[in-house]
Amino acid sequence: VAGGALRRKAFLIGGIGPLAALLWGAWHAWDVLDGGFVHESIDWVPALGLGIDLRFDAFSLLMLLLVSGIGTLVFAYALGYFGDTAHAGRLAGILTLFAGAMLGLVLSDNLLLLYVCWELTSVTSYLLIGGDGRDSAARAAALHALLVTSLGGLAMLAGFVLLGQQAGTYQMSELLADPPTGPLVATALVLVLVGAFTKSAQYPFHGWLPAAMVAPTPVSAYLHSAAMVKAGIYLVARFAPVFAAVGVWRPLVVAVGLVTMVAGGLRALRRDDLKQLLAFGTVSQLGFLMVLLGIGQPAATAAGCALLLAHGLFKAALFMVVGIVDHQAHTRNMRELPPLGAGWRPTKVVAVLSAASMAALPPLAGFLAKESAYEAFVHGGVGDRLVLAGIMVGSILTVAYSSRLVAGLLRPELLTPPRPVRAAAPAPTLSFLAPAIVLAVATVVLGVVPGVFSELVGSGARALDGVASADLYLWHGFTLPLALSALTVLAGAALFVARRRVAAVQAALAPSWSTTDAYDAAVRGLTRAAGVTTGVVQSGSLPIYVAVIMLTAAVVPGLGLVLGSWWPGWPDLVGVAVYVPVAALLIGGAVAATFATRRFTAALLLGSVGYGMALLFVVQGAPDLALTQFAVETLSVVLFLLVLRRLPDRFERRTPALGHALRIGVSAAAGVFVFAMAIAAAGARTEDPVSVAMTRQALPDGGGRNIVNVILVDFRGLDTLGEITVLVVAAIGATALARAGRRPTGAPHKDQA
Amino acid sequence: MRRSLILDTTVRLVFDSAVVLSLYLLFAGHNQPGGGFVGGLVAGAAIALRYVAGGLAEVRGILPVRPWFFLATGLALAAGTAIAPLLLGQRLLDHAKIEVDAPVLGTMKATSALLFDAGVYLVVVGLVLMVFEALGDDAPKPTVSDTKDVKP
Chain A
12 VAGGALRRKA FLIGGIGPLA ALLWGAWHAW DVLDGGFVHE SIDWVPALGL GIDLRFDAFS
72 LLMLLLVSGI GTLVFAYALG YFGDTAHAGR LAGILTLFAG AMLGLVLSDN LLLLYVCWEL
132 TSVTSYLLIG GDGRDSAARA AALHALLVTS LGGLAMLAGF VLLGQQAGTY QMSELLADPP
192 TGPLVATALV LVLVGAFTKS AQYPFHGWLP AAMVAPTPVS AYLHSAAMVK AGIYLVARFA
252 PVFAAVGVWR PLVVAVGLVT MVAGGLRALR RDDLKQLLAF GTVSQLGFLM VLLGIGQPAA
312 TAAGCALLLA HGLFKAALFM VVGIVDHQAH TRNMRELPPL GAGWRPTKVV AVLSAASMAA
372 LPPLAGFLAK ESAYEAFVHG GVGDRLVLAG IMVGSILTVA YSSRLVAGLL RPELLTPPRP
432 VRAAAPAPTL SFLAPAIVLA VATVVLGVVP GVFSELVGSG ARALDGVASA DLYLWHGFTL
492 PLALSALTVL AGAALFVARR RVAAVQAALA PSWSTTDAYD AAVRGLTRAA GVTTGVVQSG
552 SLPIYVAVIM LTAAVVPGLG LVLGSWWPGW PDLVGVAVYV PVAALLIGGA VAATFATRRF
612 TAALLLGSVG YGMALLFVVQ GAPDLALTQF AVETLSVVLF LLVLRRLPDR FERRTPALGH
672 ALRIGVSAAA GVFVFAMAIA AAGARTEDPV SVAMTRQALP DGGGRNIVNV ILVDFRGLDT
732 LGEITVLVVA AIGATALARA GRRPTGAPHK DQA
Chain B
667 MRRSLILDTT VRLVFDSAVV LSLYLLFAGH NQPGGGFVGG LVAGAAIALR YVAGGLAEVR
727 GILPVRPWFF LATGLALAAG TAIAPLLLGQ RLLDHAKIEV DAPVLGTMKA TSALLFDAGV
787 YLVVVGLVLM VFEALGDDAP KPTVSDTKDV KP
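Take a look at the structure:
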């Protein structure tokens with residue numbers, strides 16, 4: 012990736028992309044807020060129904076604000092986070108690529124294009140987590156993320172194809188406007204959900220997200236809070252209003268989302284590493300989003316849109332703060348933090364505001380979102396009450412771990428006994444903190460001016476579900492949701508106050524087994540299975556390979572010959588008298604080769620078979636083939652000699668008698684099969700040979716009188732091009748193999764020395 | 667490596683003729699027996715003669731470029747000829763031809779297929795050179811499993 016010379020300034024250039032997208036989005040925002048959309052379409056592979064169809068509506072606007080708004084800020088933040096390393100340039104490049112893929116994902120109207128962008132985000136995320144590839148933990152985490160998300164992606168692709176085939180279109184807007192029905196649709200939806208669950212880190216696929224925290228914090232702030240993990244949520248949100256009632260969608264999404272929300276919150280309570288705490292908090296919030304946007308009810312959808320935006324703002328800001336702490340104090344463990352002195356006040360304010368929004372305290376954006384979520388479920392039946400209870404438990408946990416985060420930053424002595432005083436960490440510069448300040452201001456503004464928030468969220472929700480509307484106010488009066496919110500905050504605070512007892516209970520109840528262990532076991536098992544399979548299939552014995560190939564060739568089509576009525580009768584074996592001596596040369600050479608005891612003799616005898624073939628071509632009147640055959644045979648003998656110099660002079664005769672008989676049997680089977688196949692194939696012709704047309708067309712079309720050559724360079728020119736490409740690859744491969752075998756191990760390569 | 671004077675001299679005589687023959691086969695190929703593949707093989711055989719006379723050093727001394735130059739040029743030439751018609755709005759591998767009436771030589775005809783064939787020729791020559799490069803240097807002693815008359 013270019014950018015090595017630019018160092019971290021590459022982030023300035025990379026930031027142009029998301030910034031431009033943001034400005035474009037703002038420019039077109041007025042077109043889509045009242046329900047319109049912008050549409051662009053370019054054909055790509057029309058035969059597959061794959062086109063670059065981009066559709067920008069109000070929900071896409073919401074996602075675009077997240078992806079490119081937070082993206083721009085993350086680029087600005089990375090400028091302060093990274094020193095001047097060459098690595099930073101590479102990172103900036105991949106981060107830009109990721110931002111582009113994510114934008115494509117949320118703007119795509121074509122399911123297949125969406126899949127392509129989806130996988131692009133997986134791949135770029137792999138590169139970003141893996142870093143420069145020198146840290147084995149980072150590599151393992153990157154692989155974990157890639158395996159889980161791309162396996163889910165494959166399931167999703169299968170779901171897309173099923174849906175697309177049922178509906179007869181891969182256009183998401185058409186598909187959702189006129190949803191397909193049938194037994195396959197329910198299956199397809201479950202497959203799509205698997206993809207969304209893996210991407211959005213839902214239980215039991217969530218393990219990769221906390222592991223991915225080894226990535227640099229700007230990457231985590233962007234991919235693992237604001238952008239990539241929202242991809243699954245985005246997809247579910249698009250599908251839910253139409254498909255929530257089909258099959259197991261609603262129970263599955265709600266159950267998985269609630270389990271994720273509660274389990275993620277419980278795990279977040281037990282983490283001392285600030286980034287890990289945020290990671291599990293993100294898992295929990297993603298579960299919440301999954302419930303809201305996946306249940307397919309208008310009010311919940313609107314609440315989900317609000318939470319989507321609020322979560323992006325506060326979580327990215329919190330990640331940035333944790334990154335700043337890590338950068339300045341060289342630790343993220345809240346039990347080891349040095350005192351954060353006077354200069355840290357702005358940072359702390361940002362952290363407290365964002366954490367308060369996460370805990371849904373008024374008057375912040377998170378509060379409005381949570382309030383509307385409660386509002387969406389209080390009026391429903393038993394099912395809605397159950398969901399409400401679930402998200403309340405999750406929210407209580409959210410308040411508790413948010414408190415823990417704030418306490419860790421502000422009053423660490425609350426969490427740990429006093430330690431020997433460490434040197435205070437230098438405060439961050441204002442420009443380093445600026446992006447987080449912007450996010451915190453947005454959190455406050457959206458909370459205090461709910462009109463803007465309401466407008467954005469309402470339009471976004473309407474783009475998903477025509478009857479949805481958002482009605483966000485700070486003060487609804489003394490309503491049930493408000494009481495529940497108060498209860499949530501109190502219970503969360505109580506959990507925090509009783510943290511020692513809670514921790515003891517959690518430690519006692521902690522399962523001895525986690526999904527990460529399951530992943531590790533699966534990967535180990537796969538590796539072992541691959542090893543065993545390779546050991547069996549690739550024995551390393553050349554004779555066995557050759558025997559397997561020849562037997563397969565003889566038996567598979569041979570069975571067809573034996574079972575069908577294929578024998579066309581003996582052909583005219585001796586057409587011209589010259590055949591007899593030529594055939595004698597061929598047969599004699601071949602038979603003699605099997606009796607040769609020296610490799611050199613065998614090579615020469617095989618050569619005589621080749622020359623015999625060339626003679627046969629001459630007799631048949633094919634000078635071109637004969638010429639080629641002669642040249643090939645001559646060179647083959649020379650090449651044989653080159654190789655034979657390295658081999659023992661004589662064949663080894665160490666095979667047991669049975670092995671010998673087996674070899675004769677395999678050879679005989681292959682020989683008989685080829686003979687029978689040649690006669691059967693020659694007798695099976697039903698159409699005029701293609702050579703008739705080629706002979707006729709050679710001069711007018713190909714401009715040559717040598718038909719063989721015209722076929723090679725014109726009629727079958729593409730084949731020839733492919734063949735010479737294979738020749739080049741083979742030449743390079745042979746040279747590399749021959750040299751690799753001879754270079755002393757550990758010695759530097761000639762070119763590098 | 668000990669060199670034989672007779673072999674050396676003969677090979678030098680034959681080598682140039684063989685290369686000319688290979689070029690003739692390449693150019694004549696479109697209308698008479700021959701073509702890039704055969705031409706390349708004949709040139710390869712000529713190179714093999716030089717190898718027999720003087721070993722790998724002799725082969726390397728024929729031309730100032732390394733074998734992969736031939737591979738790369740040949741493949742680029744063939745692929746370029748194949749793709750060029752696409753840029754001119756025609757189909758892949760459409761060949762153009764021109765006829766020139768020269769005063770003494772008579773009617774000469776050239777088609778772009780010749781360029782394609784030249785690519786094939788170069789790839790084949792490059793392949794032969796690569797094989798000599800890979801296997802042609804002084805061989806290590808064979809592993810002695812038959813103890814009788816092993817020649818180094």
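Heads up: the protein sequence lines correspond to chains A and B, in order. Using the numbering used here, you'd call the opening residue of the first sequence number 12 and step up by one each time. Using the numbering used here, you'd call the opening residue of the second sequence number 667 and step up by one each time. By construction, the Cβ of each residue, glycine as well, lies at the ideal position given by its N, Cα and C atoms. None of these values were measured; they are calculated from a predicted model.
**OP:** Going by DSSP, name the residue or residues bridged to Ser9/A.
**Re:** With chain A covering only 12 through 764, there is no way to say anything about residue 9/A.
**OP:** Establish whether the CB of Gly721/B and some CB of chain A are separated by less than 8 Å.
**Re:** Sequence index remark: in the second sequence, residue 721/B carries index 55 (1-based). Chain A contact via Cβ: absent.
Subject >> Ser480/A, DSSP secondary structure in three states >> reply: Taking the first sequence and counting its residues from 1, one reaches residue 480/A at position 469. Three-state result, Ser480/A: coil.
**OP:** Find the residues of chain B that neighbour Arg278/A, judging by a C-beta separation of less than 9 Å, and give them in chain order.
**Re:** As a working mapping, residue 278/A is identified with position 267 in the first sequence. Within chain B, no residue comes near Arg278/A; the closest Cβ sits about 56 Å away, beyond 9 Å.
Original post:
What does Thr527/A pair with, by DSSP beta-bridge criteria?
Top reply: Residue numbering aside, residue 527/A sits at position 516 when the first sequence is read from its first letter. The partner list for Thr527/A (beta bridge, DSSP) is empty, contrary to what the question assumes.
Subject >> Cβ neighbour criterion (16 or more within 10 Å) applied to Tyr214/A >> reply: Reading the first sequence from its first residue, position 203 is the one you call residue 214/A. That one is buried.
Original post:
Which residue from Leu673/B, Leu781/B, Leu793/B, His761/B puts its Cα closest to that of Arg716/B?
Top reply: Here residue 716/B is taken as the residue at index 50 of the second sequence, counted from 1. The residue with the shortest Cα to Cα distance from Arg716/B is Leu673/B.
**OP:** Under 7 Å between beta-carbons, which chain A residues line up against Asp783/B? List them in chain order, please.
**Re:** Within the second sequence, residue 783/B is the residue found at index 117, counting from 1. The answer, in chain order, is Val724.
Subject >> Span separating the alpha-carbon of Ala411/A from that of Gly276/A >> reply: Counted from its first residue, the first sequence places residue 411/A at position 400. Counted from its first residue, the first sequence places residue 276/A at position 265. Rounded to the nearest angstrom, the two C-alpha atoms are 9 Å apart.
Original post:
In the DSSP assignment, what are the bridge partners of Ser52/A?
Top reply: Residue 52/A sits at position 41 when you count from the first residue of the first sequence. Answer by DSSP bridge pairing, in chain order: Asp64/A.
Original post:
Which one or two residues does DSSP pair with Asn344/A in a beta bridge?
Top reply: Numbered from 1 along the first sequence, position 333 holds the residue referred to as residue 344/A. BP columns for Asn344/A point to Asp284/A.
Original post:
Does the region 37-49 of chain A come close enough to the region 433-442 of chain A to have 3 or more Cβ pairs within less than 8 Å?
Top reply: no
**OP:** For Asn344/A, go through chain B and note every residue whose CB falls closer than 8 Å to its CB, in chain order.
**Re:** As a first step, residue 344/A must be located in the first sequence, where it is residue number 333. Chain B residues near Asn344/A: none, gap ~54 Å exceeds 8 Å.
**OP:** In angstroms with no decimal places, state the Cα-to-Cα distance between Gly46/A and Ala313/A.
**Re:** Residue 46/A sits at position 35 when you count from the first residue of the first sequence. Residue 313/A sits at position 302 when you count from the first residue of the first sequence. Each residue's Cα considered, the two are about 15 Å apart.
**OP:** Step through the CB atoms of chain A and report whether any lies within less than 8 Å of the CB of Leu689/B.
**Re:** On the second sequence, position 23 is the one that residue 689/B refers to. Closer than 8 Å: no.
Original post:
Would you say Ala474/A and Asp68/A are within 8 Å of each other, going by their C-beta atoms?
Top reply: As a working mapping, residue 474/A is identified with position 463 in the first sequence. As a working mapping, residue 68/A is identified with position 57 in the first sequence. Closer than 8 Å, so yes.
**OP:** Starting from Trp734/B, trace the alpha helix (DSSP H) both ways and give me its first and last residue.
**Re:** Taking the second sequence and counting its residues from 1, one reaches residue 734/B at position 68. Trp734/B -> alpha helix (DSSP H) spans 733-753.
Subject >> Buried or exposed (CB count within 10 angstroms, at least 16 for buried), Leu729/B >> reply: In the second sequence, residue 729/B corresponds to position 63, counting from 1. Leu729/B comes out exposed.
Original post:
Counting contacts by CB-CB distance shorter than 8 Å, is Glu799/B in contact with chain A?
Top reply: For the purposes of this step, residue 799/B is identified with residue 133 of the second sequence, where counting begins at 1. Glu799/B counts as touching chain A.
Original post:
For Gly822/B and chain A, any beta-carbon pair shorter than 8 Å?
Top reply: The requested residue 822/B is not part of the displayed model; chain B covers only 667 to 818.
Original post:
Straight-line CA distance for Pro582/A to Leu616/A?
Top reply: The count along the first sequence starts at 1 and reaches residue 582/A at position 571. The count along the first sequence starts at 1 and reaches residue 616/A at position 605. Rounded to the nearest angstrom, the two C-alpha atoms are 28 Å apart.
Subject >> Which listed residue (His671/A, Val264/A, Thr499/A, Ser119/A) has its alpha carbon closest to that of Glu51/A >> reply: For the purposes of this step, residue 51/A is taken as residue 40 along the first sequence, with counting starting at 1. Answer by Cα proximity: Ser119/A.
**OP:** Measuring only between beta-carbons, confirm whether Gly740/B sits less than 8 Å from chain A.
**Re:** For the purposes of this step, residue 740/B is identified with residue 74 of the second sequence, where counting begins at 1. Interface residue, yes.
**OP:** Rounded to whole angstroms, what's the CA-CA distance from Leu467/A to His761/B? Just pull it up for me.
**Re:** The residue given as residue 467/A occupies position 456 in the first sequence. The residue given as residue 761/B occupies position 95 in the second sequence. If I take the Cα positions, the gap works out to 59 Å.
**OP:** Please name the residue, chosen from Ala637/A, Leu650/A, Phe611/A, that lies closest to Arg807/A on a Cα-to-Cα basis.
**Re:** For residue 807/A there is no data in the structure shown, the boundaries of chain A being 12 and 764.
**OP:** State the Cα-Cα distance for the pair Ala151/A and Thr209/A, rounded to the nearest angstrom.
**Re:** Working through the first sequence from its first residue, we reach residue 151/A at position 140. Working through the first sequence from its first residue, we reach residue 209/A at position 198. Answer to the nearest angstrom: the Cα atoms are 17 Å apart.
**OP:** Quick one: grab the DSSP three-state call for Arg750/A.
**Re:** Start at 1 with the first residue of the first sequence, and residue 750/A comes out as number 739. It is helical.
Original post:
Excluding the five sequence neighbours on either side, which residues of its own chain have a C-beta within less than 6 Å of the C-beta of Tyr233/A, listed in chain order?
Top reply: Taking the first residue of the first sequence as position 1, residue 233/A is located at position 222. The residues are Val85.
Original post:
Got a sec, what are the start and stop residues for the alpha helix (DSSP H) Tyr233/A sits in?
Top reply: Along the first sequence, one-based indexing puts residue 233/A at 222. Note, Tyr233/A: premise wrong, no alpha helix (DSSP H); not H, not E.
**OP:** Determine whether the Cβ of Asn720/A lies closer than 8 Å to any Cβ atom of chain B.
**Re:** Reading the first sequence from its first residue, position 709 is the one you call residue 720/A. Yes, because at least one Cβ of chain B sits closer than 8 Å to the Cβ of Asn720/A.
Original post:
What residue range is occupied by the uninterrupted alpha helix (DSSP H) comprising Gly206/A?
Top reply: Looking up residue 206/A in the first sequence gives position 195. 194-210 is the span of the alpha helix (DSSP H), which, as asked, contains Gly206/A.
Original post:
Roughly how many angstroms separate the alpha carbons of Val589/A and Thr746/A, rounded to a whole number?
Top reply: Start at 1 with the first residue of the first sequence, and residue 589/A comes out as number 578. Start at 1 with the first residue of the first sequence, and residue 746/A comes out as number 735. Cα-Cα distance, rounded: 42 Å.
Subject >> Near-chain B residues of the region 727-755 of chain A (beta-carbon distance less than 9 Å), N- to C-terminal order >> reply: Gly728, Leu729, Thr731, Leu732, Glu734, Ile735, Thr736, Leu738, Val739, Ala741, Ala742, Ile743, Ala745, Thr746, Ala747, Leu748, Ala749, Arg750, Arg753
**OP:** Would you check if there are 3 or more beta carbon pairs closer than 8 Å linking the region 299-316 of chain A to the region 373-383 of chain A?
**Re:** yes
Subject >> chain A contact residues for Leu793/B, given Cβ-Cβ distances below 7 Å >> reply: Locating residue 793/B in the second sequence gives position 127, where the first residue counts as 1. What Leu793/B touches in chain A: Leu738, Ala742.
**OP:** In angstroms with no decimal places, state the Cα-to-Cα distance between Thr107/A and Gly26/A.
**Re:** As a first step, residue 107/A is located in the first sequence; it is residue number 96 there, counting from the start. As a first step, residue 26/A is located in the first sequence; it is residue number 15 there, counting from the start. In a straight line, the C-alpha of Thr107/A is about 7 Å away from that of Gly26/A.
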